[in-house]
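Below is one structure, written out as structure tokens; the observations come after it.
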Ligand code: 1HE
């Protein structure tokens, strides 16, 4: 059942495991602005397939260099001169990777800087939390390139910003950045300093939750969104039945009952 992740197998991703169960996965083609070629997506499928069974408590997803990710590798796409069927399979592979992130049950926190564009935004929108720095900007330049989104933007970016803004971004190449991007939901945090540092703090915090609680949060919420309200409520009850009676939670509940656990207070 348990899996191991052999870091030496990865070259397009730089992977680093920390003692507290936080893993840092870095898109590592900065000279190509971390554009997503087929090999990188294959490595993402491999990592995110293994992570839920390998004791990974949280993942920070980052991009090396000044840009998070420039989206589809346009040069590879040009050189491969793909058939419709070929590109459909490329997209299905992206979906496999991104679904494993969103539905895998391990918290994924994206640390964003510079361009988060096209497929880069599709990738970022598959993470559970997005932290941007002051340089980060979001766009869907597919329209200008004679392309269309294929990595889930029609679902995930539309979920974040709504249909009208998504269509505007695609038609006009509109760029969002700064506080406005947070206000629209493209990121949940904007920081003055390094997005990686804040993403690490958030990941360490999430990693302290019980794994089964995190599994439910980072899998059930997304699944339930795809259901009718009736079925979703039913699924929620079933998941809560399992999670909320887990033996590992008893210690935390006891600490609340004996008043030794921290209380929820407003920020100072
Ligand atoms: C790339 C890519 C790429 C850079 N594919 N190679 N995505 C886009 O339309 C974004 C395209 N990229 C850009 O607009 C810019 O490159 C950036 C704003 C991200 C960065 O600008 P800059 O000035 O720092 O870099 P650059 O000089 O444009 O590029 C540096 C190198 O990265 C250069 O390679 P070199 O070998 O000539 O040095 C570029 O070719 C390479 N590079 N971006 C391949 N995207 C499943 S459907 C998804 C649909 C999409 O994602 S459409 C793609 C949208």
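In this note's numbering, the protein residues as written are 107 to 374.
For glycine and all other residues, C-beta sits at the position ideal for the given N, C-alpha and C.
Below 8 Å, how does it come out for the stretch 283 to 290 and the stretch 237 to 246: are there three or more Cβ pairs, yes or no?
yes
Whole runs of the alpha helix (DSSP H) within the stretch 123 to 204, excluding any shorter than 4 residues:
144 to 156, 180 to 186
What three-state label does DSSP hand residue 215 in the structure shown?
Within the chain shown, residue 215 is the residue found at index 109, counting from 1. Residue 215: strand per DSSP, three-state reduction.
For residue 245, report the span of its beta strand (DSSP E) as first-last.
Locating residue 245 in the chain shown gives position 139, counting from the first residue. Counting along the chain, the beta strand (DSSP E) containing residue 245 begins and ends at 243 to 245.
So, helix, strand or coil for residue 262, using DSSP?
As a first step, residue 262 must be located in the chain shown, where it is residue number 156. Of the three classes helix, strand and coil, the one that applies to residue 262 here is helix, per DSSP.
Figure out for me which residue from 359, 240, 257, 157 has the closest Cα to the Cα of residue 213.
As a working mapping, residue 213 is identified with position 107 in the chain shown. When each option's Cα is compared against that of residue 213, the closest is 157.
Should residue 255 be counted as a contact of the ligand 1HE given a C-beta to heavy atom distance under 8 Å?
Along the chain shown, read from residue 1 onward, the residue named residue 255 stands at position 149. At least one heavy atom of the ligand 1HE is nearer than 8 Å to the Cβ of residue 255, so yes.
First through last residue of the beta strand (DSSP E) which encompasses residue 236:
Position 130 of the chain shown, counting from 1, holds the residue named residue 236. Looking at the DSSP string, the run of the beta strand (DSSP E) that includes residue 236 is 235 to 238.
May I ask you to list the residues that DSSP assigns as paired with residue 283?
In the chain shown, the residue the question calls residue 283 occupies position 177. Note: residue 283 sits in a beta bridge opposite 243.
With a threshold of 7 Å on Cβ separation, who are the neighbours of residue 267 within its own chain once the five nearest residues in sequence on each side are excluded?
For this step, residue 267 is matched to residue 161 along the chain shown. 290, 291, 292.
Count the other CB atoms, across all protein chains shown, that sit within 10 Å of the CB of residue 122; report buried if there are 16 or more and exposed otherwise.
Residue 122 sits at position 16 when you count from the first residue of the chain shown. Under this definition residue 122 is an exposed residue.
Cα-Cα separation, residue 272 to residue 248
Numbered from 1 along the chain shown, position 166 holds the residue referred to as residue 272. Numbered from 1 along the chain shown, position 142 holds the residue referred to as residue 248. For residue 272 and residue 248, the distance between alpha carbons rounds to 12 Å.
Quick one: using the 10 Å Cβ neighbour count with 16 as the cut-off for buried, is residue 134 buried or exposed?
Numbered from 1 along the chain shown, position 28 holds the residue referred to as residue 134. Label assigned to residue 134: buried.
If you count every other CB in all the chains shown that lies within 10 Å of the CB of residue 321, and 16 or more means buried, which is it?
Mapped onto the chain shown, residue 321 falls at position 215. Burial call: buried.
Quick check: what's the CA-CA separation for residue 137 versus residue 202?
Reading the chain shown from its first residue, position 31 is the one you call residue 137. Reading the chain shown from its first residue, position 96 is the one you call residue 202. If you take the alpha carbons of residue 137 and residue 202, they lie about 26 Å apart.
Apart from the five residues just before and just after residue 116, which ones in its own chain have a Cβ nearer than 6 Å to its Cβ?
Working through the chain shown from its first residue, we reach residue 116 at position 10. Only 149 meet the Cβ criterion.
Per DSSP, residue 295 forms a beta bridge with which residues?
Counted from its first residue, the chain shown places residue 295 at position 189. DSSP output for residue 295 lists 237 as bridge partner(s).
Kindly indicate which residue of 311, 159, 210, 305 has the alpha-carbon position closest to the one of residue 324.
As a first step, residue 324 must be located in the chain shown, where it is residue number 218. Measuring from the Cα of residue 324, the nearest candidate turns out to be 210.
Residue 267: CB within 8 Å of a non-hydrogen atom of the ligand 1HE:
For the purposes of this step, residue 267 is identified with residue 161 of the chain shown, where counting begins at 1. Every heavy atom of the ligand 1HE is 8 Å or more from the Cβ of residue 267, so no.
Could you name the residues of the same chain whose beta carbon sits closer than 8 Å to that of residue 341, not counting the 5 residues immediately before and after it, in chain order?
Residue numbering aside, residue 341 sits at position 235 when the chain shown is read from its first letter. Hits under 8 Å: 326, 329, 330, 333.
Confirm, please, whether the CB-CB distance from residue 167 to residue 216 is below 9 Å.
Taking the chain shown and counting its residues from 1, the one referred to as residue 216 is at position 110. Taking the chain shown and counting its residues from 1, the one referred to as residue 167 is at position 61. Cβ atoms of residue 216 and residue 167: closer than 9 Å.
Beta carbon of residue 257, beta carbon of residue 228: below 9 Å?
Translated into the one-based positions of the chain shown, residue 257 becomes position 151. Translated into the one-based positions of the chain shown, residue 228 becomes position 122. Yes; because the gap between Cβ atoms is below 9 Å, this pair is in contact.
Expected contact under 8 Å - CB spacing of residue 192 and residue 142 to nearest Å:
Locating residue 192 in the chain shown gives position 86, counting from the first residue. Locating residue 142 in the chain shown gives position 36, counting from the first residue. With a Cβ gap of about 15 Å, residue 192 and residue 142 do not count as contacting.
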